[in-house]
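Below: one structure, written as structure tokens.
Number of protein chains: 2
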Amino acid sequence: MIPQGILNKMDGSRQRYVDELLSFLRIPSVSTYSQNGSDVRRAAEWVLNQLKRLGFQAKLYPTEGHPIVFGERCDMPDRPTLLIYGHYDVQPPEPLEEWRTPPFQPIIQDGYVYGRGATDDKGQFFTYLKAIEAILAVESKLPINVKILVEGEEEISSPHLAPFLSSHQTDLKADAVAISDGSQFMQGIPAITYSLRGLSYLQMEVNGPQFDLHSGVFGGVVTNPVQALATILGKLLHPDGRIAIPGFYDDIVPLEAWERDEMAGLRFDEEGLKSYLGVQDLAGETGYTPLERKTARPTLDVNGIWGGFSGEGAKTIIPAKAGAKVSMRLVPNQNFRKINGLFREYVESITPAGVTLKIKELHGADPVLVSRDEVHVQAAAKAIEKGFGRAPVFIREGGSIPIVNLLKEVLGIESILLLGWGSPDDGAHSPNERFLLDDFHRGIRSVAALLYELSPS
Amino acid sequence: MIPQGILNKMDGSRQRYVDELLSFLRIPSVSTYSQNGSDVRRAAEWVLNQLKRLGFQAKLYPTEGHPIVFGERCDMPDRPTLLIYGHYDVQPPEPLEEWRTPPFQPIIQDGYVYGRGATDDKGQFFTYLKAIEAILAVESKLPINVKILVEGEEEISSPHLAPFLSSHQTDLKADAVAISDGSQFMQGIPAITYSLRGLSYLQMEVNGPQFDLHSGVFGGVVTNPVQALATILGKLLHPDGRIAIPGFYDDIVPLEAWERDEMAGLRFDEEGLKSYLGVQDLAGETGYTPLERKTARPTLDVNGIWGGFSGEGAKTIIPAKAGAKVSMRLVPNQNFRKINGLFREYVESITPAGVTLKIKELHGADPVLVSRDEVHVQAAAKAIEKGFGRAPVFIREGGSIPIVNLLKEVLGIESILLLGWGSPDDGAHSPNERFLLDDFHRGIRSVAALLYELSPS
Numbered sequence: 173m174i175p176q177g178i179l180n181k182m183d184g185s186r187q188r189y190v191d192e193l194l195s196f197l198r199i200p201s202v203s204t205y206s207q208n209g210s211d212v213r214r215a216a217e218w219v220l221n222q223l224k225r226l227g228f229q230a231k232l233y234p235t236e237g238h239p240i241v242f243g244e245r246c247d248m249p250d251r252p253t254l255l256i257y258g259h260y261d262v263q264p265p266e267p268l269e270e271w272r273t274p275p276f277q278p279i280i281q282d283g284y285v286y287g288r289g290a291t292d293d294k295g296q297f298f299t300y301l302k303a304i305e306a307i308l309a310v311e312s313k314l315p316i317n318v319k320i321l322v323e324g325e326e327e328i329s330s331p332h333l334a335p336f337l338s339s340h341q342t343d344l345k346a347d348a349v350a351i352s353d354g355s356q357f358m359q360g361i362p363a364i365t366y367s368l369r370g371l372s373y374l375q376m377e378v379n380g381p382q383f384d385l386h387s388g389v390f391g392g393v394v395t396n397p398v399q400a401l402a403t404i405l406g407k408l409l410h411p412d413g414r415i416a417i418p419g420f421y422d423d424i425v426p427l428e429a430w431e432r433d434e435m436a437g438l439r440f441d442e443e444g445l446k447s448y449l450g451v452q453d454l455a456g457e458t459g460y461t462p463l464e465r466k467t468a469r470p471t472l473d474v475n476g477i478w479g480g481f482s483g484e485g486a487k488t489i490i491p492a493k494a495g496a497k498v499s500m501r502l503v504p505n506q507n508f509r510k511i512n513g514l515f516r517e518y519v520e521s522i523t524p525a526g527v528t529l530k531i532k533e534l535h536g537a538d539p540v541l542v543s544r545d546e547v548h549v550q551a552a553a554k555a556i557e558k559g560f561g562r563a564p565v566f567i568r569e570g571g572s573i574p575i576v577n578l579l580k581e582v583l584g585i586e587s588i589l590l591l592g593w594g595s596p597d598d599g600a601h602s603p604n605e606r607f608l609l610d611d612f613h614r615g616i617r618s619v620a621a622l623l624y625e626l627s628p629s
Numbered sequence: 173m174i175p176q177g178i179l180n181k182m183d184g185s186r187q188r189y190v191d192e193l194l195s196f197l198r199i200p201s202v203s204t205y206s207q208n209g210s211d212v213r214r215a216a217e218w219v220l221n222q223l224k225r226l227g228f229q230a231k232l233y234p235t236e237g238h239p240i241v242f243g244e245r246c247d248m249p250d251r252p253t254l255l256i257y258g259h260y261d262v263q264p265p266e267p268l269e270e271w272r273t274p275p276f277q278p279i280i281q282d283g284y285v286y287g288r289g290a291t292d293d294k295g296q297f298f299t300y301l302k303a304i305e306a307i308l309a310v311e312s313k314l315p316i317n318v319k320i321l322v323e324g325e326e327e328i329s330s331p332h333l334a335p336f337l338s339s340h341q342t343d344l345k346a347d348a349v350a351i352s353d354g355s356q357f358m359q360g361i362p363a364i365t366y367s368l369r370g371l372s373y374l375q376m377e378v379n380g381p382q383f384d385l386h387s388g389v390f391g392g393v394v395t396n397p398v399q400a401l402a403t404i405l406g407k408l409l410h411p412d413g414r415i416a417i418p419g420f421y422d423d424i425v426p427l428e429a430w431e432r433d434e435m436a437g438l439r440f441d442e443e444g445l446k447s448y449l450g451v452q453d454l455a456g457e458t459g460y461t462p463l464e465r466k467t468a469r470p471t472l473d474v475n476g477i478w479g480g481f482s483g484e485g486a487k488t489i490i491p492a493k494a495g496a497k498v499s500m501r502l503v504p505n506q507n508f509r510k511i512n513g514l515f516r517e518y519v520e521s522i523t524p525a526g527v528t529l530k531i532k533e534l535h536g537a538d539p540v541l542v543s544r545d546e547v548h549v550q551a552a553a554k555a556i557e558k559g560f561g562r563a564p565v566f567i568r569e570g571g572s573i574p575i576v577n578l579l580k581e582v583l584g585i586e587s588i589l590l591l592g593w594g595s596p597d598d599g600a601h602s603p604n605e606r607f608l609l610d611d612f613h614r615g616i617r618s619v620a621a622l623l624y625e626l627s628p629s
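Residue numbers (my numbering), protein chains in the order written: chain A, 173 to 629; chain B, 173 to 629.
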């Protein structure tokens with residue numbers, strides 16, 4: 173139970189918290205731009221300085237890219253340890269002309285803070301630092317052990333995180349990980365994400381004749397590689413939207429009635445989605461609602477295709493080759509390596525004669541499912557209810573978060589708490605990114621509550 | 173019957189004919205290169221000068237591109253008129269490093285003349301001029317009326333020929349057209365091409381969501397445009413290679429048994445073709461031989477496809493749109509406008525829900541069939557037998573020759589004599605283009621014989 177003094181402390185410090193956040197947001201730590209290198213480093217040092225002021229044993233760990241900040245404060249050897257993950261880098265601000273105010277001159281307007289990084293992830297991550305600060309100001313020690321890992325390359329796919337995790341497994345040992353780099357279900361409806369879809373991403377290349385042929389002279393004697401590829405792709409989905417690969421659905425944990433009821437209760441805005449996407453009708457696997465299809469059912473998409481002549485006008489060739497990128501979103505308990513194998517087997521079996529097929533596996537991630545009955549998840553739910561004034565809903569996310577798979581696989585931590593304080597319309601990665609200040613403060617309160625909920629005392 | 177004196181004249185002039193051809197080949201009349209503009213004009217004037225020396229009423233007709241040379245010598249008002257078509261421009265010589273001798277310094281080696289334009293089309297066209305010269309030298313007039321049309325833009329798709337034909341319909345009136353811009357069936361087996369395939373060339377565009385979507389967040393709620401396009405393309409052909417468009421085969425004149433026997437007798441080199449194409453097996457419509465399939469049966473090919481991400485690595489998007497170019501080779505008596513309509517109707521009927529489809533017609537040409545019983549064709553067959561010492565075989569070509577359609581449609585001439593003196597391995601459009609001098613002289617003899625065969629006397 174969070175002591176009242178801490179709540180009072182946090183209430184009294186709201187303006188200072190916001191002022192500090194603004195100074196964090198002013199650092200243009202765009203990780204993808206080499207000319208921003210010193211800014212990115214400045215952001216890392218800014219975070220390091222915060223950790224040191226909180227009494228953390230912390231330092232910068234150089235990588236071949238941007239440094240990783242890691243610190244810990246383990247006051248309670250017998251109590252649980254929470255690892256907090258965040259990132260101090262931000263997306264590029266472009267297109268600049270669409271910002272109503274400069275992206276790195278954050279301002280407060282209508283209760284929101286506007287600026288690049290407001291929600292993704294500086295603002296959300298910063299809630300952890302301020303909650304810890306408030307606890308320490310009142311209690312002088314934390315109710316559990318806390319480790320904080322902050323990287324500067326999340327927006328460029330975390331190229332140096334895996335080796336760091338591997339070589340610091342003992343340092344990073346923890347009972348649960350908390351990440352606030354997403355959002356609530358919608359503004360005012362806080363959520364815990366308990367499932368992520370996995371990913372199988374493959375590239376196919378179909379080769380026919382050894383060079384492009386004149387379609388008049390040779391049309392009729394060779395298999396056309398684009399045609400062959402299209403035939404294969406056309407056979408990956410049944411007309412009802414189900415994936416046609418034999419065995420594809422075998423390992424899936426079916427959605428139970430209670431979970432489908434719960435998702436139906438979320439009153440997902442289909443009309444709003446259609447108008448956002450600019451489509452007349454939503455589409456997909458029959459027998460499931462759009463929300464189920466986009467978060468809890470597997471999908472298969474062609475991400476790109478190429479072959480032959482794509483310029484203006486007519487060129488009468490039979491292309492020598494064609495290629496496509498195909499990816500599948502997987503759900504618990506599918507395994508991406510097994511799915512890759514099934515994909516390969518099926519596609520090879522339906523490849524037309526006269527061409528050769530090459531399949532390359534580009535990327536894979538297993539789906540994630542965290543038990544909602546799990547003690548840390550239950551603690552997080554109680555904490556959010558305290559912070560936001562209403563119990564969170566439990567949601568699945570349709571995307572994959574590679575960091576989550578890394579943390580699970582390299583560190584072996586199963587309790588992944590995905591706690592979004594932001595809102596889906598905050599504009600992460602878009603112009604005019606923002607974060608509702610009330611959500612910022614609710615997030616701080618939720619973090620403080622979480623540390624007490626995780627404490628066995 | 174060709175007078176013996178003319179044959180003697182031609183035999184005695186062989187070396188001079190070759191010397192003159194070499195001077196024609198030395199002019200680098202590459203129509204596609206603007207820096208060769210004055211060379212192209214020089215070639216036109218070289219041809220004009222030849223025509224004038226033969227007593228033709230001839231002149232250069234300027235166009236917005238390269239000039240057209242047209243001349244006529246109508247000595248016999250009551251006799252038939254033959255229109256001869258040729259082109260004085262040539263393909264670019266690149267890649268230069270693959271030429272064993274400079275492309276515009278023609279040389280004689282092993283009985284061949286090597287140089288750009290040797291066969292396509294300077295060497296073949298020049299046979300007409302030398303045959304006429306020999307006849308005039310002995311007889312002082314031609315046995316029929318002759319018109320000669322020589323353009324300088326064949327290698328760049330004859331952009332200014334159609335308007336010229338339209339505005340000179342009376343001048344160009346003729347009973348038959350002779351074109352020697354192809355080849356024999358193979359070296360030593362002279363041929364008359366009596367059929368060309370037609371062409372329907374279309375572009376398809378499939379549109380889905382209004383922008384590229386994240387495949388994790390939105391996978392499962394929209395129809396993927398690439399997937400939709402692949403599904404359509406996959407349904408254009410049956411597994412047996414037949415085209416699936418309803419009504420597609422309705423108007424086709426079936427191959428008769430005698431024609432199939434004749435084609436079988438040509439002993440087409442399948443093994444050589446496979447090794448040239450670099451494929452294990454030939455493919456195509458079941459029930460027909462490769463030679464039938466590539467010349468006498470219709471085909472459908474995807475010429476190009478595009479959509480989404482084709483760069484290196486993985487990008488997890490659902491593309492907003494996709495497109496493809498699709499062309500069909502048509503055979504007598506298919507009509508490209510009708511086929512375009514059937515294509516559109518069928519494709520629209522199989523387009524998956526959730527996307528919109530746009531079809532653009534890029535290019536069309538009707539197939540060509542010249543009756544082999546036709547009097548001019550029979551005359552050409554006899555002439556070739558005299559020139560080459562063996563009767564020609566009758567062949568179909570798989571490609572379309574837009575000029576032939578133009579001549580038929582604008583001038584209304586049905587007798588199109590496609591008489592190739594060259595060989596399929598002469599390397600037209602390739603490095604080390606060549607023309608066998610024996611074929612050059614056989615061609616000259618054939619032309620002289622043709623003029624007498626066409627004469628009713």
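Even for Gly, the Cβ is constructed at its ideal location relative to N, Cα and C.
Terminal residues of the continuous beta strand (DSSP E) containing residue i?
{"i": "A/Asp473", "result": "Thr471 to Gly480"}
{"i": "B/Gln207", "result": "Per DSSP, B/Gln207 belongs to no beta strand (DSSP E) and is neither H nor E."}
{"i": "A/Lys231", "result": "Gln229 to Tyr233"}
{"i": "B/Gly536", "result": "Thr528 to Ala537"}
{"i": "B/Leu374", "result": "Gly370 to Asn379"}
{"i": "B/Phe566", "result": "Val565 to Glu569"}
Alpha helix (DSSP H) containing residue i: first to last residue?
{"i": "A/Val318", "result": "Looking at the DSSP string, A/Val318 is not in any alpha helix (DSSP H); the run it does join, the beta strand (DSSP E), is Asn317 to Glu323."}
{"i": "A/Met500", "result": "From DSSP, A/Met500 is part of no alpha helix (DSSP H) but of the beta strand (DSSP E) over Lys493 to Leu502."}
{"i": "A/Phe336", "result": "Leu333 to Ser339"}
{"i": "A/Thr403", "result": "Pro397 to Gly406"}
{"i": "A/Leu578", "result": "Pro574 to Leu583"}
{"i": "B/Gln550", "result": "Val547 to Phe560"}
{"i": "B/Ala620", "result": "Leu609 to Glu625"}
Looking at the structure shown, is residue i part of a helix, part of a strand, or coil, going by DSSP?
{"i": "B/Glu520", "result": "helix"}
{"i": "B/Glu305", "result": "helix"}
{"i": "B/Asn221", "result": "helix"}
{"i": "A/Phe242", "result": "strand"}
{"i": "B/Met435", "result": "helix"}
{"i": "B/Gly513", "result": "helix"}
{"i": "B/Met182", "result": "helix"}
{"i": "A/Leu344", "result": "coil"}
{"i": "B/Tyr286", "result": "strand"}
{"i": "B/Tyr260", "result": "coil"}
Around the Cβ of residue i, are there at least 16 other Cβ atoms within 10 angstroms (buried) or fewer (exposed)?
{"i": "B/Ser339", "result": "exposed"}
{"i": "B/Met173", "result": "exposed"}
{"i": "B/Tyr205", "result": "exposed"}
{"i": "B/Arg568", "result": "buried"}
{"i": "A/His613", "result": "buried"}
Can you list, in chain order, the residues of its chain whose CB lies under 8 Å from that of residue i, leaving out five sequence neighbours each side?
{"i": "B/Ile424", "result": "Pro470, Val503, Pro504, Asn505 and Gln506"}
In chain order, what residues of the same chain lie with their CB nearer than 6 Å to the CB of residue i, ignoring the 5 residues before and after it?
{"i": "A/Asp611", "result": "Trp593"}
Please report whether the beta-carbon of residue i lies at a distance below 8 Å from any beta-carbon of chain C.
{"i": "A/Arg617", "result": "Absence of chain C from the displayed structure is noted, the protein chains being A and B."}
Give me the subset of the stretch 419–447 of chain B whose CB atoms are less than 8 Å from a CB atom of chain A, sorted by chain position. Cβ contacts with chain A come from Leu445.
Can you pull out the residues from the stretch 384–401 of chain B whose beta carbon lies closer than 9 Å to at least one beta carbon of chain A? Residues of the stretch 384–401 of chain B with a Cβ closer than 9 Å to any Cβ of chain A, in chain order: Leu385, His386, Ser387, Gly388, Val389, Phe390, Gly391, Gly392, Val393, Val394, Thr395, Asn396, Pro397, Val398, Gln399 and Leu401.
Tell me which residues of the stretch 350–372 of chain A have at least one Cβ-Cβ distance to chain B shorter than 9 Å, keeping chain order. Listed by position along the chain: Leu368, Arg369 and Leu371.
If the cut-off is 7 Å on Cβ atoms, which residues from the stretch 473–484 of chain A count as contacting chain B, listed in chain order? Among the residues of the stretch 473–484 of chain A, those with a Cβ less than 7 Å away from any Cβ of chain B are Asp473, Val474, Asn475, Gly476, Ile477, Trp478, Gly479, Gly480, Phe481 and Ser482, in the order of the chain.
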